[in-house]
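If you're matching them up, the sequences are chains A and B in order.
Take the first sequence: its position 230, counted from the start at 1, is 230 in our numbering, and no numbers get skipped.
Take the second sequence: its position 8, counted from the start at 1, is 251 in our numbering, and no numbers get skipped.
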Amino acid sequence: MALEIRPLEQFKIDRLIPIHIGGVDVSYTNAAFLMTIAVLLITALLVFGTRKRALVPGRWQSIAEMSYEFVADMVETNVGHGGQEFFPFVFTLFMFILFANFLGLVPYSYTVTSQIIVTFALAAVVFIGVTIIGIVRHGFHFLRLFVPQGVPAALLLLLVPIELLSYCIRPFTLAIRLFANMLAGHTMLAIFGGFAASLGLLGIFPMGIDILIVALEVLVAALQAYVFAILTCLYLSDAINLH
Amino acid sequence: MPQLDVSTFAPQLVWLAITFIVLYVLMSKLGLPRVSGIIEARRKRLDDDLARAAETKAEAEAVLAAYQKAMAEARAQAQAAIKERTEQFAAEAADRQRRLAEALAEQTRAAEREIGAAKDRAFAEIRDVAVDVARSITEKLTGSPADEGKLGPAVDRALTERAG
Chain A
1 MALEIRPLEQ FKIDRLIPIH IGGVDVSYTN AAFLMTIAVL LITALLVFGT
51 RKRALVPGRW QSIAEMSYEF VADMVETNVG HGGQEFFPFV FTLFMFILFA
101 NFLGLVPYSY TVTSQIIVTF ALAAVVFIGV TIIGIVRHGF HFLRLFVPQG
151 VPAALLLLLV PIELLSYCIR PFTLAIRLFA NMLAGHTMLA IFGGFAASLG
201 LLGIFPMGID ILIVALEVLV AALQAYVFAI LTCLYLSDAI NLH
Chain B
244 MPQLDVSTFA PQLVWLAITF IVLYVLMSKL GLPRVSGIIE ARRKRLDDDL
294 ARAAETKAEA EAVLAAYQKA MAEARAQAQA AIKERTEQFA AEAADRQRRL
344 AEALAEQTRA AEREIGAAKD RAFAEIRDVA VDVARSITEK LTGSPADEGK
394 LGPAVDRALT ERAG
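The following block contains the structure:
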């Protein structure tokens with residue numbers, strides 16, 4: 001019996017609890033379930049992991065403190081001191097994406113961040129938020145962001161549209177980078193997994209490749225969460241400090 | 244591709260918003276203040292401990308300095324005492340030596356005087372003996388008694404010649 005390989009089936013949304021309110025579908029899906037688990041795990045790490053409030057931290061408290069200091073350093077380094085008030089948001093964003101990515105690597109779970117609508121929503125929040133912060137902080141001067149300094153006026157005709165364009169595609173690049181990384185990794189895992197299942201004894205080779213891909217995906221999961229968070233910091237820095 | 248199924252967008256967005264906002268509230272109100280409190284408490288504790296350690300070190304250094312000063316003073320005092328005693332002993336020794344030398348010189352002189360006296364006495368006795376011998380020899384050789392008046396000066400002359 002030949003197994004059919006359907007690598008995209010893993011991304012299917014299942015409505016675990018169908019809910020409809022006022023004609024809007026708000027069903028509790030497998031994706032929503034994984035989001036809930038991520039929230040619970042992050043909260044557990046930060047609250048129960050630190051319940052001893054030890055002077056010399058234990059394993060879980062160390063992880064909680066390291067993640068705190070990692071993001072705090074990132075905000076401090078990239079945004080500067082004015083970024084402190086956005087630290088909770090960046091931390092939430094980083095931990096949410098990190099846990100969503102890692103949880104997606106657990107077999108039979110679901111990868112929330114492989115949904116373009118999810119990554120785009122996160123990116124859009126960042127983009128709109130940053131733009132509003134820039135306008136509130138600097139008003140009309142925020143437009144200086146699109147005018148590179150020390151450039152001849154003739155070149156500005158060319159550079160300003162480029163700067164404007166690069167600013168406007170930020171939410172798309174931010175969303176697609178994370179989405180594409182997750183999609184590609186998990187699709188590859190499924191394809192080689194399908195090979196392994198259908199090749200019998202020879203399936204050991206695609207199986208080995210799958211093991212290597214899992215290792216790579218662990219790296220990608222952490223790296224993409226970091227990239228998303230650090231780009232958010234850089235965009236915030238643009239809006240707050242106007243380079 | 245299930246990701247492009249528009250009918251799934253609404254539930255995903257709704258639950259993303261719910262979970263993300265819940266997480267944000269939990270983090271900003273509960274999780275992050277907790278962790279930052281722990282880190283701050285530790286930093287404060289360490290700073291306090293370091294300050295205390297610096298204080299204790301300063302105290303220890305002061306005590307050490309006082310000890311070293313006391314030691315130096317005691318050593319100087321001891322050196323002075325030793326020097327004083329040494330000088331005293333040296334003076335006493337010199338004094339004693341000088342007195343001994345004087346006593347010895349005195350004894351030497353007394354002995355020399357005694358020797359001189361004994362020598363004089365011995366010479367006088369030798370002269371009497373020589374006179375007696377000369378008289379008896381002269382009597383034996385000449386068969387007549389010797390002239391006492393000539394005998395004494397002749398013996399004296401001979402003794403002076405020998406002694407010279």
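Backbone N, C-alpha and C fix where the C-beta goes; we use that ideal spot for every residue, glycine too.
task = Report, in whole angstroms, the separation of the C-beta atoms of Ile97 (chain A) and Leu178 (chain A), which I expect to be a contact under 8 Å.
result = Their Cβ separation, rounded to whole angstroms, is 7 Å, which keeps Ile97 (chain A) and Leu178 (chain A) in contact under 8 Å.
query = Any beta-carbon of chain A closer than 8 Å to the one on Ile325 (chain B)?
reply = no
inquiry  = Pull the bridge partners of Val71 (chain A) from the DSSP assignment, please.
reply    = None, per the DSSP bridge assignment.
request  = Indicate whether at least one CB of chain A lies closer than 8 Å to the CB of Thr299 (chain B).
outcome  = no
message = Helix, strand or coil for Val220 (chain A)? Go by DSSP, reduced to three states.
response = helix
query = In this structure, does DSSP put Met1 (chain A) in helix, strand or coil?
reply = Low confidence applies here, because Met1 (chain A) scores a pLDDT of 41, under 50, leaving its location unreliable and the question unanswered by this model.
inquiry  = Within 8 Å of any Cβ in chain A, is that where the Cβ of Ala253 (chain B) sits?
reply    = yes
key: Backbone secondary structure at Tyr28 (chain A) - three-state DSSP   = DSSP places Tyr28 (chain A) in strand when its eight states are reduced to three.
inquiry  = Can you give me the C-alpha to C-alpha distance between Ala2 (chain A) and Leu183 (chain A), rounded to a whole angstrom?
reply    = Note that Ala2 (chain A) scores a pLDDT of 48, beneath 50, so its modelled location is shaky and nothing firm can be said.
ask   = With a Cβ-Cβ cutoff of 8 Å, do Ala180 (chain A) and Leu256 (chain B) count as a contact?
value = no
query = Between the segment 196-208 of chain A and the segment 69-86 of chain A, do at least 3 Cβ pairs fall closer than 8 Å?
reply = Verdict: no, contact absent.
ask   = Can you give the Cα-Cα distance for Glu298 (chain B) and Ser62 (chain A), rounded to whole angstroms?
value = 31 Å
query = What's the call for Arg277 (chain B), buried or exposed, on a 16-neighbour Cβ count within 10 Å?
reply = buried
query = Going along the segment 180-191 of chain A in order, which residues come within less than 9 Å of chain B, judged by CB to CB distance?
reply = Leu183
query = By a C-beta neighbour count over all protein chains shown, 10 Å radius and 16 as the cutoff for buried, is Leu212 (chain A) buried or exposed?
reply = exposed
query = Can you name, in chain order, every residue of its own chain whose Cβ lies under 7 Å from the Cβ of Arg15 (chain A), other than the five neighbours on each side?
reply = Ser27 and Thr29
Cross-chain neighbours of Thr50 (chain A) in chain B, by beta carbon under 8 Å = Arg277, Val278 and Ile281
request  = Return the bridge partner residues of His141 (chain A) from the DSSP annotation.
outcome  = Per DSSP, none; premise fails for His141 (chain A).
request  = Kindly indicate if chain B contains any beta-carbon less than 8 Å away from that of Arg53 (chain A).
outcome  = yes
message = Please tell me whether Arg285 (chain B) has its Cβ less than 8 Å away from any Cβ of chain A.
response = yes
Check: Val106 (chain A) C-beta below 7 Å from any heavy atom of the ligand GTP = For the structure depicted, the ligand GTP is absent and the ligand set is empty, with no information on it obtainable.
query = Relative to the C-alpha of Glu244 (chain A), which residue among A:Ala215, A:Ile176, A:Asp238 and A:Val106 is closest?
reply = Given that chain A is displayed from residue 1 to residue 243, the structure contains no residue 244 (chain A) and the question cannot be resolved.
key: Straight-line Cα distance separating Leu242 (chain A) from Ser166 (chain A)   = 15 Å
ask   = Which bits of chain A does Leu266 (chain B) rub up against, with CB to CB less than 7 Å?
value = Val39, Ile42, Thr92 and Phe96
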